[in-house]
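Undergrad: Dumping the structure here so I can ask a few things about it.
Residue numbers (UniProt numbering): 1 to 186.
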């Protein structure tokens, strides 16, 4: 079908003709939209902007002039995307983290600070790994003793000595000896 006839029908508000033109230029819109990145705009937003460009082109196109509609509409789509890019570039400003936050008396950086210390967490995890490796190097009996004494709340050494029938002072000396051994391994 002749594109000029389709445009003429579209100018007369024929929905089928309008939809036909939108579908015809969809691949071009998709290609142009994929070349554009605008902060705050999704791909769907950019496609809708392309569709709006086609609709504006249909109503602004003068059938009496001897111009090609395809080149007219492709230039309109491209120019609208370029306009959006220029518009955003004008409004593009870098915000300092030391500026005062809106609706607050604090600086932005103060609002971003967290109580989490990643370095400290990593060091703790590393220390735990080294402790696990050291525990795996001692005998099962000694490992069970350490886990029993330190996994329980206070007074676990006394409970262990009663449960195993070992003198409390012997358990205390064993604990001291094993802790020294583990410290040396770390």
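Backbone N, C-alpha and C define an ideal beta-carbon position, used for all residues, glycine too.
Could you spell out where the alpha helix (DSSP H) holding residue 21 opens and where it closes?
TA: Residue 21 -> alpha helix (DSSP H) spans 15 to 34.
Undergrad: Would you call residue 89 buried or exposed, if buried means 16 or more other Cβ atoms sit within 10 Å of its Cβ?
TA: Counting Cβ neighbours within 10 Å, residue 89 comes out exposed, since fewer than 16 surround it.
Undergrad: Using beta-carbon positions only, say whether residue 145 and residue 160 come within less than 8 Å of one another.
TA: Taking 8 Å as the Cβ cut-off, residue 145 and residue 160 qualify as a contacting pair.
Undergrad: My understanding is that residue 47 touches residue 30, with C-beta atoms under 8 Å, so please give their C-beta distance in whole angstroms.
TA: Yes, residue 47 and residue 30 are in contact; Cβ-Cβ is about 7 Å, under 8 Å.
Undergrad: Give me the residue from 40, 54, 41 with the minimum Cα distance to residue 27.
TA: With distances taken between Cα atoms, residue 27 lies closest to 54.
Undergrad: Just the Cα atoms here: how many angstroms apart are residue 138 and residue 178?
TA: Taking the straight line from one Cα to the other gives about 9 Å.
Undergrad: Give me the Cβ distance between residue 21 and residue 58, rounded to the nearest whole Å; I'm assuming they're in contact under 8 Å.
TA: Right, the Cβ-Cβ distance comes to about 7 Å (below 8 Å), so this counts as a contact.
Undergrad: Going by other Cβ atoms of all chains shown within 10 Å of its Cβ, with 16 needed for buried, is residue 174 buried or exposed?
TA: Under this definition residue 174 is a buried residue.
Undergrad: Contact defined as beta carbons within less than 8 Å: I believe residue 61 pairs with residue 72. What is the distance between those atoms, to the nearest angstrom?
TA: Contact holds; Cβ gap of about 6 Å.
Undergrad: Who are the near neighbours of residue 149 in its chain, counting only those whose CB is closer than 7 Å to its CB and skipping five residues on each side?
TA: These residues qualify, in order along the chain: 156, 157, 160, 175.
Undergrad: In this structure, how does DSSP classify residue 163 when only helix, strand and coil are distinguished?
TA: Helix.
Undergrad: Thinking C-beta only, is residue 122 closer than 8 Å to residue 188?
TA: Nothing can be reported for residue 188: it is not among the residues displayed for the chain, which extend from 1 to 186.
Undergrad: Which term fits residue 116, buried or exposed, when burial requires 16 or more other beta carbons within 10 angstroms of its beta carbon?
TA: By the neighbour-count rule (16 or more Cβ atoms within 10 Å), residue 116 is not buried but exposed.
Undergrad: Near residue 10, what residues of its chain come up, given a Cβ to Cβ distance below 7 Å and the 5 sequence neighbours on each side ignored?
TA: For residue 10, where only same-chain residues beyond five positions count, the Cβ hits under 7 Å are 17, 18, 21, 58.
Undergrad: For residue 119, write down the residues that DSSP places opposite it in a beta bridge.
TA: Residue 119 is not bridged to any residue.
Undergrad: Quick check on this structure: which residue in 7, 125, 172 has the alpha carbon closest to the alpha carbon of residue 24?
TA: It is 7 whose Cα lies nearest to the Cα of residue 24.
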